[in-house]
Each structure stands twice: as structure tokens, then as C-alpha cells.
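J.:
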Amino acid sequence: LQKSHVENGVLRIVGGVKGWDPSPLLQFQFEEFQGETPGPEVHLCEPLLDDKIAEMETLRVHGLPKASALVLGLAHHHDGDDLLITSGWEALLEGLGFGLQKGKVEQIVDARIHLQARSEKLLQVAALLKIEEVRRGALDAKKAQIRIAAETDARQKGYNIGDTERMGKEAMDEVLDPGPDNPLLLDESFSLEDEHRVDGAMWLVRKTSELRWEHSAPVRIGTRMARPEKAAPREMRPAVHSLFPIGMAGGPQRRLAVAADKGILRVQVRKRFCVRCDAGSGLLTCIAQTSAGEVCGGRCEPRTEAENSTARRMGVMQSLPIQNIIDAARNNLDIRMPQIVKCVKGLMSKGQTPEALEKGILRAAHRLPVFRDGTIRFDMSDVPITHFRPREINVSIERLRQLGYTIDVDGQELRDGEQVVELYPQDFIISKRAEDFLLRTTQFVDDLLVRFYGLEPFYNCQTADDLVGHLTIAIAPHTSGGVLSRIIGWSDCSGGYAHPLFHASKRRNCDGDEDAIMMLLDGLLNFSREILPANRGGQMDAPLVLTTRINPTEVDKEALNVDCAWYYPSAFYEATLSQPQPKEVLDLVDIVDMRIDTPLSLRGYGYTHDCHSLDAGPALSAYKTLETMVDKMNGQLEIGRKLRAVDVRTVASSVVRSHFLPDLRGNLVAFTRQKIRCMKCAHSYRRLPLAGKCIQTKKGGDAMAGVGLGIEADDNRQCGGNLALTVTEGAVRKYINVTGHVVNTYGVDNYTKQNIEWLAKSVESLFNNDRARQASLFDFI
Numbered sequence: 087l088q089k090s091h092v093e094n095g096v097l098r099i100v101g102g103v104k105g106w107d108p109s110p111l112l113q114f115q116f117e118e119f120q121g122e123t124p125g126p127e128v129h130l131c132e133p134l135l136d137d138k139i140a141e142m143e144t145l146r147v148h149g150l151p152k153a154s155a156l157v158l159g160l161a162h163h164h165d166g167d168d169l170l171i172t173s174g175w176e177a178l179l180e181g182l183g184f185g186l187q188k189g190k191v192e193q194i195v196d197a198r199i200h201l202q203a204r205s206e207k208l209l210q211v212a213a214l215l216k217i218e219e220v221r222r223g224a225l226d227a228k229k230a231q232i233r234i235a236a237e238t239d240a241r242q243k244g245y246n247i248g249d250t251e252r253m254g255k256e257a258m259d260e261v262l263d264p265g266p267d268n269p270l271l272l273d274e275s276f277s278l279e280d281e282h283r284v285d286g287a288m289w290l291v292r293k294t295s296e297l298r299w300e301h302s303a304p305v306r307i308g309t310r311m312a313r314p315e316k317a318a319p320r321e322m323r324p325a326v327h328s329l330f331p332i333g334m335a336g337g338p339q340r341r342l343a344v345a346a347d348k349g350i351l352r353v354q355v356r357k358r359f360c361v362r363c364d365a366g367s368g369l370l371t372c373i374a375q376t377s378a379g380e381v382c383g384g385r386c387e388p389r390t391e392a393e394n395s396t397a398r399r400m401g402v403m404q405s406l407p408i409q410n411i412i413d414a415a416r417n418n419l420d421i422r423m424p425q426i427v428k429c430v431k432g433l434m435s436k437g438q439t440p441e442a443l444e445k446g447i448l449r450a451a452h453r454l455p456v457f458r459d460g461t462i463r464f465d466m467s468d469v470p471i472t473h474f475r476p477r478e479i480n481v482s483i484e485r486l487r488q489l490g491y492t493i494d495v496d497g498q499e500l501r502d503g504e505q506v507v508e509l510y511p512q513d514f515i516i517s518k519r520a521e522d523f524l525l526r527t528t529q530f531v532d533d534l535l536v537r538f539y540g541l542e543p544f545y546n547c548q549t550a551d552d553l554v555g556h557l558t559i560a561i562a563p564h565t566s567g568g569v570l571s572r573i574i575g576w577s578d579c580s581g582g583y584a585h586p587l588f589h590a591s592k593r594r595n596c597d598g599d600e601d602a603i604m605m606l607l608d609g610l611l612n613f614s615r616e617i618l619p620a621n622r623g624g625q626m627d628a629p630l631v632l633t634t635r636i637n638p639t640e641v642d643k644e645a646l647n648v649d650c651a652w653y654y655p656s657a658f659y660e661a662t663l664s665q666p667q668p669k670e671v672l673d674l675v676d677i678v679d680m681r682i683d684t685p686l687s688l689r690g691y692g693y694t695h696d697c698h699s700l701d702a703g704p705a706l707s708a709y710k711t712l713e714t715m716v717d718k719m720n721g722q723l724e725i726g727r728k729l730r731a732v733d734v735r736t737v738a739s740s741v742v743r744s745h746f747l748p749d750l751r752g753n754l755v756a757f758t759r760q761k762i763r764c765m766k767c768a769h770s771y772r773r774l775p776l777a778g779k780c781i782q783t784k785k786g787g788d789a790m791a792g793v794g795l796g797i798e799a800d801d802n803r804q805c806g807g808n809l810a811l812t813v814t815e816g817a818v819r820k821y822i823n824v825t826g827h828v829v830n831t832y833g834v835d836n837y838t839k840q841n842i843e844w845l846a847k848s849v850e851s852l853f854n855n856d857r858a859r860q861a862s863l864f865d866f867i
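In this text, residue positions in the sequence shown follow this note's numbering: the first is 87, and each later residue adds one.
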């Protein structure tokens, strides 16, 4: 540093990177640097307290000046053999006892004196700790020998395991520990060792500088990616438009048009009777024709006295004239039938009550899927927020004023898109990816009101701006209650921004959760307990109740621990040096819990850090933009290669062990235990039928063909469809090539490599006959 100088605000260390070679950095993993250390000559001594220093390899590869800049995080670049530090060099000089005089670096405090004294003291500490380690090792060995002798004697005398272990422990405890020769000196040595490991070189900086110095990051945490972000419609698998049962008549794609060609459907629905003409039907509305040739249209009700009330499901097999039902629905709606309408195979609810087919036709016309409770949902990742700028949510000032946002956080009248506004607890900022979906949902609801219920339209939305101000229901998958919310704007991200109290009212803590929203009127019109599944968990993820107003005393405690202050006092930062428990500094921080039972529990929140735009980050993470697993793996390992704190070979081994190998083992087990599926009727078998084809007896569909012509239904006809595996060879092999690529490119430890080779041989042995092999001419030479 004494030979360096400052020019144009940049510290130039002359010869700081002389002989620097970047070639070792291009390797994915080098075991040990073999070349000469670049930069000024440095004599490296052996570590005092550790067998190895973590940054020693960095020092050998880059030299002392550049390695120091890397470790301290100082921005720098090269100019020939010189190292130019562009920022942070002032603190570097101050901390090492140097100052700046007329552009030249001058030494003010000689740090070598302190270093020499510290080194001598640490050498004494290391020697004393080594002696104590040897003494403790000998004592432990003596105790172990006595314990083994006592346990052996007890076993020979016939004592049980519990008594044997107790007698061994008692004998071991009788060995006295005389302790070290100088306990006080040993305690001081342990204290100095702990201080040296925690503070590192901070003690030297504090001695050479007149300023106060503290660690910029005394505690560091590691994070992992949990769930990729999401902003997409909620769909069942496969996606359908209607909760109307068509059995197997719809084919693999469950299409209503295919089922209509069969004429008569045999499905399991609840028996109902028309209150007007007393005709039996499985539908909610009677489709029987009167003497005048008109559809009855009466409401059909079940007769409970004729049913088994203790049954798990109330439905019975009935014949439904599907074409008549479709014609009645089309005439009722007065629209042209959509080309594709998909329905469910069967109903899982207790009453097995079918949804009105008109609703499914309208959903198909608006290209909307339906969830199992009859609602239309859009999923988004939960993101907490307390403040926003009108510019960030793409809504005009006039519209926000109409919604109640009249002043900003400073009490000034809202007139500018750059003013910061506090979010109301039940307002929702929705992802732009939901604009078209929710717009089509409102148009579906309006069509339903007009064409099915004979009422006036409610939403009348033509653009996404028309959706602002309308109410929605938000619900988490593991709950049975929705929370009322209001749309106030749109964000360009794959998440939904809402108040922390709002997310907490859904029983969420925003750690990667995904929740759904639905338009309020869609939930009120189309949700019904009658169509919820009767199996375990069927009542979950359904808006059985609706919370219309959030009460902070009723939400989870996590939301009450949210900070509300505009700044942290200096006493809070001072207290962190002693690492106290959170409750010990609770009086120094303003949190929501302190505001309970006051209006400030809902309003008046503050923040300590501002941002230019709440959705300025990547719209999609690389995990979603990268398509193949090879691309994702290469991306992760490439980042690991660039980070000095990461051993890329360890990362590769960890990913292979935790992801690829368990998946490969699981697929191998699944292949050997798989079921056989019929490609025609989708029936599955645990064992392959001897006939080599599906032997499932047909019910409904083709078996009912000709019933109207007086031909009896054949209930014993077999399907005869081709059989296929449910787990393919490709599913088992899919990660073998990727794993081999990782091993050959980045390298893994020997244990993982041998495990991979063993599993690969197991896969080859499963799919290839080891004994049957194509012979070549060379085999006979």
C-alpha cells in the first residue's frame, strides 16, 4: 500500500496483479493451485488455530492485493500489472493504519507491531489448546476402557441391556478429571480463540483506526428456492368446463359432443322427481315433454324416504337422454353450441347432484375451466405489501380517488402518480396475467345472469380497467373460508400483492404460498355444498364461509409481528451486538401487536426502505424460463462456479443425491409395481389379463345402443381395448443422461459416482436381456 497512489478517485496498487492468470478460474473445480502467486511476493505462514484457511486458495490464485479486494467486496479492475480499486479504498486505508497525503498513501500507524504481538499470543493459545486436547483425549480413552470392561463384566453376569449400560456409565463416572494445570489461563485461551474466530481481523482495524468499526454482516443466512412463482388459472386434471357426468361415453378427452353420439348415457346420479309432472329424472330441471310437445321445465326434488340415508353417496345408475338434455340447454340459452365442451366422468359428492349443463356450455363459450366446487379460480403467489404508488399499479388518480385513496402517507392530497399511498387491508393488486381471464369470467357471469337466470347483467366489463373496484373472494387451499377483497390495480409479476393482515386472514405467511381468487358473484352463484366431494378432504379448499371484515385480533401471530416503524432507533442497532432474544428488544421496535384494539392496527404503517417499482424484478424466474432439466442444472452449476464461496462439485453431488437418484430409484420401483391401463376405457389392472386385452364389462355407452329399438342391453360385453403400461421406459431413463452430463462436466464425489453407476447398471439390466445378445462376426474370430 505504501507504493500505491490515488488518481482520479481510484486507488492504484502498482504491480498488484503482476503475473495474474485467469486460466484456473475457467476450470469447474481445481484441487490445488500449482502456479506462482501473482502480485507482490508474500511469505505464507502455517495457520495458527486451523488446519486450513478457507481463503488460502483464493490468496494463492489471485495474490494478496486482489484476494483482499475480493474478500472485502471492493470493486476493482486491472490495468496491466496494476490493480485499480474504484470504491471502498478509503476504508481499506483507514482500517490498516494508512492515510492520504497529497495523493500518496502514507503510513500513520504501524500495524506490524500489533500483528507480531497477536501472533505470539495466538501461538501460545494454540499450544495450550493442543495440550488440553491431548489430555482430554487420554481421559476419554481411559473412561471408554473402564466402561467397556464394566459392561463386559455385567453381560457375563447375565444383566439385561438397561442394567448393563447403567453399570458401564457408573463405572465411567467414577474416573475423576484432575483438570488442566492452569484453568484460568485455559479459559482465557478459549475466550481469545472464540474472539479471533468471530472477529477475524477486526481487532487490528480497531487498534489502528480512530474510527468505530463494526462488522457489516455479523450474521449471514443461507436460502434455497422453494416453489417457483405462479400466476395461472386453477384447473382440474384434466381441465373441464362442466360438472355434468358423462361417464366413459365422452372418450379419453371427456367431450360432450362424443357422448351425444351415444344417445343414452348410463351414469350414477341421485334419483329426483319433478314437482310439476312427477316424472323421474336425475337432473335439477325436468326435461320431460308435455302433451303439447313442450319441455316441462319443473324443478326436480329428491324423495328422501325412498333413499338410504346412511349411504356414502346417494346416486343410482340411471339412463340419461343426453341429446335431449343438450337440446334443452341450447334452447334455454339461445346460443350456438361451442365446438368443445368437456365434462366430468362422474360425481364424487354425497348427493351426486349434477350441475346445470347450461353453466358448462357458457364456460366453454368463454374458454373458462371449472374447479371441483363449481367456481372459476385464478392462482397467484402471495406477496405482502403495505404501500404503493399509483404509477406502479396502472390505475388513474381519478379512479383511485373514487376508491377512497384521497391522501398520501404524508397527508397530502393525492394528485400525482409518484406519491406513496398506504394500501387498505382488504385491497388486492392482481397480476396482469389475470386480466383477460377475470374479464372473461365477468362476461360469463353476465351471460349466466341474462340467459340462464333471466336477470340483468351485473359487471358489464369491456376492458381490464372496468374490473378495478369489483369484489373478489380469496381462499387458501388448506382452508374452508374465503376472504372478501377488492381489485384496485395490476402488477407485472406472477404474484398477488396484498396487505400482510389480508394474507394472514387466509392463514398464510407468504413463504412461497399460492392462493386463489374468484369473482364474488361467481362464488355466490355457482358454488354449492351439494357438489363438493364426499371423500376425505372434500370440504377443504371451498368457500364454506366468507370473512367480510378483517379483525387483527383473529389473525395469526406472525402478522402481528410485522414492523410498522419508519426507522429503527440507534439503540436497536447497538443491542444487536449482544445478539439478544427478540422479546428483549421488543420495546425498541414498533410492531402491529402493540397497536391492537386501536385504529392504528389497520392503518398508519411505516416502512424503512423505499423502491422505485414494486414489480421491477424479473417477471419470471429462470427456473420457469429454462425449459429442460439440463438447462436448469447447467444454470445452477454455472452460478456455483462463479461464486467463490461455493464448491461446484459439492453442489453437483448434492443435487444428484437429493434429486436425481431418489427420482431414479422411485421410477425403478414404480416400473416394477405399475398397473396396466386400457387405452379405450381407461380401466386399470394390477395384473395383465390372460386374454391380452381389456376384459372390463361395458356399462352404458355402446352397451345401451339399440335400447330404444326394443333390443335388450348387453351388460356382459367386454371392452376389448388394447392395454398399455402406465410407467414407460422413458420415464425411468429420463435422468440418466442428465446425471452422466453432470458427472462428466462438473465432477462428483466417489460415493455419488459409484451410486450412479450402480443405478445405471440396474436400469440397463431391467430393460436389456443380459443373456440375449446380438452376435457379430468378431465373436467368431
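In this text, a Cβ means the ideal position worked out from N, Cα and C, and glycines have one as well.
Quick caveat: nothing in here was measured; it's all calculated off a predicted structure.
1. For Leu329, tell me which candidate among Ala318, Leu342, Gln760, Ala317 has the shortest Cα-Cα distance.
2. May I have a chain-ordered list of the alpha helix (DSSP H) segments no shorter than 4 residues that lie completely inside the stretch 428-496?
3. Can the beta-carbon of Leu750 be found less than 8 Å from the beta-carbon of Val734?
4. Taking buried to mean at least 16 other C-beta atoms within 10 Å of its own C-beta, is Asp468 buried or exposed?
5. Would you mind working out which of Asp420, Gly401, Pro319 sits nearest Arg356, comparing C-alpha positions?
6. Have a look at Val648, Ala645, Val671, Lys643 and flag the residue whose alpha-carbon is nearest the alpha-carbon of Pro655.
7. Measure the CB-CB distance between Ala777 and Val813 and report whether it falls below 8 Å.
8. Within the same chain, show all residues whose beta-carbon is closer than 7 Å to that of Ala451, passing over the 5 residues directly before and after it, in chain order.
9. Give the secondary structure of Tyr693 by DSSP, where H, G and I count as helix, E and B as strand, and everything else as coil.
10. Do you know whose CA, among Arg399, Arg458, Met466, lies nearest Gly437's CA?
11. Pick out whichever of Ala153, Leu97, Leu150 has its Cα sitting closest to the Cα of Glu176.
12. Helix, strand or coil for Asp601 per DSSP?
13. Is it the case that the Cβ atoms of Ala645 and Val678 are separated by a distance below 8 Å?
14. Excluding five sequence neighbours on each side, which residues of the same chain lie with their C-beta closer than 8 Å to the C-beta of Leu774?
15. Taking only three categories from DSSP, how would you classify His585?
16. By DSSP, does Glu206 sit in helix, in strand, or in coil?
17. Could you give the DSSP three-state label for Gly575: helix, strand or coil?
18. Alpha carbon to alpha carbon, how far is Asp627 from Gly446? Give it in angstroms, no decimals.
19. Between which two residues does the alpha helix (DSSP H) containing Gly721 stretch?
20. Compute the Euclidean distance between the alpha carbons of Glu274 and Pro124, then round it to the nearest angstrom.
21. When burial is assigned at 16 or more other CB atoms within 10 Å of the CB, is Thr558 buried or exposed?
22. Do you know how far the Cα of Gly181 is from the Cα of Met715?
23. Give the DSSP-derived three-state secondary structure of Lys643 in the structure shown.
24. Suppose contacts are defined by Cβ-Cβ distances below 8 Å. Is Gly254 in contact with Ala236 by that definition?
25. Who are Gly568's beta bridge partners in DSSP?
26. Use the C-beta contact count for Cys697: other C-beta atoms within 10 angstroms, 16 or more gives buried, fewer gives exposed.
27. Pull up the CB-CB distance for Gly121 and Asp107, whole angstroms please, since I reckon it's below 8 Å.
28. Could you check how far apart the C-beta atoms of Ile426 and Thr527 are, in whole angstroms? I think they sit under 8 Å.
29. Do three or more CB pairs link the stretch 429-444 to the stretch 278-292 at distances below 8 Å?
30. Taking only three categories from DSSP, how would you classify Ile234?
31. Counting Cβ pairs, one atom from each stretch, are 3 or more of them under 8 Å apart for the stretch 515-530 and the stretch 601-615?
32. What's the gap between the Cα of Asp136 and the Cα of Met142?
33. In the DSSP assignment, the beta strand (DSSP E) including Thr838 goes from what residue to what residue?
34. For the alpha helix (DSSP H) that Arg292 lies in, which residues bound it at each end?
35. Spell out a yes or no on whether the stretch 377-388 and the stretch 356-365 are touching, meaning 3 or more CB-CB pairs, one atom from each, closer than 8 Å.
36. Per the contact definition of three or more C-beta pairs closer than 8 Å, is the stretch 815-824 in contact with the stretch 838-856?
T.: Reading from the atomic positions:
1. Along the sequence shown, read from residue 1 onward, the residue named residue 329 stands at position 243. Comparing Cα positions, the closest option is Leu342.
2. Here the runs fully enclosed are 443-451, 483-488.
3. On the sequence shown, position 664 is the one that residue 750 refers to. On the sequence shown, position 648 is the one that residue 734 refers to. Pairing Leu750 with Val734 gives a Cβ-Cβ distance that is not under 8 Å.
4. Looking up residue 468 in the sequence shown gives position 382. It counts as buried.
5. Along the sequence shown, read from residue 1 onward, the residue named residue 356 stands at position 270. Closest option to Arg356, Cα to Cα, is Gly401.
6. The count along the sequence shown starts at 1 and reaches residue 655 at position 569. For the options Val648, Ala645, Val671, Lys643, the alpha carbon positioned closest to that of Pro655 is the one of Val671.
7. Locating residue 777 in the sequence shown gives position 691, counting from the first residue. Locating residue 813 in the sequence shown gives position 727, counting from the first residue. Val813 is positioned such that its CB atom lies no closer than 8 Å to that of Ala777.
8. Stepping through the sequence shown from its first residue, residue 451 is reached at position 365. Its chain contains Ile421, Pro424 as the residues whose beta carbon lies nearer than 7 Å to that of Ala451, once the 5 sequence neighbours on both sides are disregarded; these appear in chain order.
9. As a first step, residue 693 must be located in the sequence shown, where it is residue number 607. The answer is coil: DSSP assigns Tyr693 none of H, G, I, E or B.
10. If you number the sequence shown from 1, residue 437 lands on position 351. With distances taken between Cα atoms, Gly437 lies closest to Arg399.
11. For the purposes of this step, residue 176 is identified with residue 90 of the sequence shown, where counting begins at 1. The shortest C-alpha separation from Glu176 is found at Leu97.
12. For the purposes of this step, residue 601 is taken as residue 515 along the sequence shown, with counting starting at 1. DSSP places Asp601 in strand when its eight states are reduced to three.
13. By one-based count along the sequence shown, residue 645 stands at place 559. By one-based count along the sequence shown, residue 678 stands at place 592. For Ala645 and Val678, yes; Cβs fall inside 8 Å.
14. Within the sequence shown, numbered from 1, the residue matching residue 774 stands at position 688. Cβ neighbours of Leu774 beyond the five flanking positions: Ile762, Leu809.
15. Taking the sequence shown and counting its residues from 1, one reaches residue 585 at position 499. For His585, the three-state secondary structure derived from DSSP is coil.
16. The sequence position of residue 206 within the sequence shown is 120, counting from 1. Look at Glu206 here: in three-state DSSP terms it is helix.
17. To locate residue 575, count along the sequence shown from 1; it is residue 489. Strand.
18. Within the sequence shown, numbered from 1, the residue matching residue 446 stands at position 360. Within the sequence shown, numbered from 1, the residue matching residue 627 stands at position 541. Straight-line Cα distance between these residues: approximately 21 Å.
19. Walking along the sequence shown from the start, residue 721 turns up at place 635. Looking at the DSSP string, the run of the alpha helix (DSSP H) that includes Gly721 is 715-728.
20. Counting from one through the sequence shown, the residue named residue 274 turns up at place 188. Counting from one through the sequence shown, the residue named residue 124 turns up at place 38. When rounded, the distance between both Cα atoms is 39 Å.
21. Numbered from 1 along the sequence shown, position 472 holds the residue referred to as residue 558. Its Cβ being crowded by 16 or more others within 10 Å, Thr558 is buried.
22. Residue mapping note: residue 715 aligns to position 629 of the sequence shown, counting from 1. Residue mapping note: residue 181 aligns to position 95 of the sequence shown, counting from 1. Cα-Cα distance, rounded: 47 Å.
23. Taking the first residue of the sequence shown as 1, we reach residue 643 at position 557. Of the three classes helix, strand and coil, the one that applies to Lys643 here is helix, per DSSP.
24. If you number the sequence shown from 1, residue 254 lands on position 168. If you number the sequence shown from 1, residue 236 lands on position 150. Between Gly254 and Ala236, the C-beta spacing is below 8 Å.
25. For the purposes of this step, residue 568 is taken as residue 482 along the sequence shown, with counting starting at 1. Answer is Leu632, bridged to Gly568.
26. Taking the sequence shown and counting its residues from 1, one reaches residue 697 at position 611. Residue burial is scored here from C-beta neighbours: Cys697 has fewer than 16 other C-beta atoms within 10 angstroms and is therefore classed as exposed.
27. Mapped onto the sequence shown, residue 121 falls at position 35. Mapped onto the sequence shown, residue 107 falls at position 21. The beta carbons of Gly121 and Asp107 sit about 6 Å from each other, so the pair counts as a contact at 8 Å.
28. Within the sequence shown, the letter at position 340 stands for residue 426. Within the sequence shown, the letter at position 441 stands for residue 527. The beta carbons of Ile426 and Thr527 sit about 19 Å from each other, so the pair does not count as a contact at 8 Å.
29. Too few Cβ pairs lie closer than 8 Å, so no.
30. The residue given as residue 234 occupies position 148 in the sequence shown. Collapsing the DSSP output to three states places Ile234 in a helix.
31. Contact between the stretch 515-530 and the stretch 601-615 is present: three or more C-beta pairs spanning the two stretches fall below 8 Å.
32. Walking along the sequence shown from the start, residue 136 turns up at place 50. Walking along the sequence shown from the start, residue 142 turns up at place 56. Computed Cα separation, rounded: 12 Å.
33. Translated into positions along the sequence shown, residue 838 becomes position 752. Per DSSP, Thr838 lies in no beta strand (DSSP E); the unbroken alpha helix (DSSP H) holding it starts and ends at 836-853.
34. As a position in the sequence shown, residue 292 is number 206, starting the count at 1. It spans 288-294 - the alpha helix (DSSP H) in which Arg292 sits, taken as one unbroken run.
35. With contact defined as three or more Cβ pairs closer than 8 Å, the stretch 377-388 and the stretch 356-365 are in contact.
36. The count of Cβ pairs closer than 8 Å, one atom from the stretch 838-856 and one from the stretch 815-824, reaches three, so the stretches are in contact.
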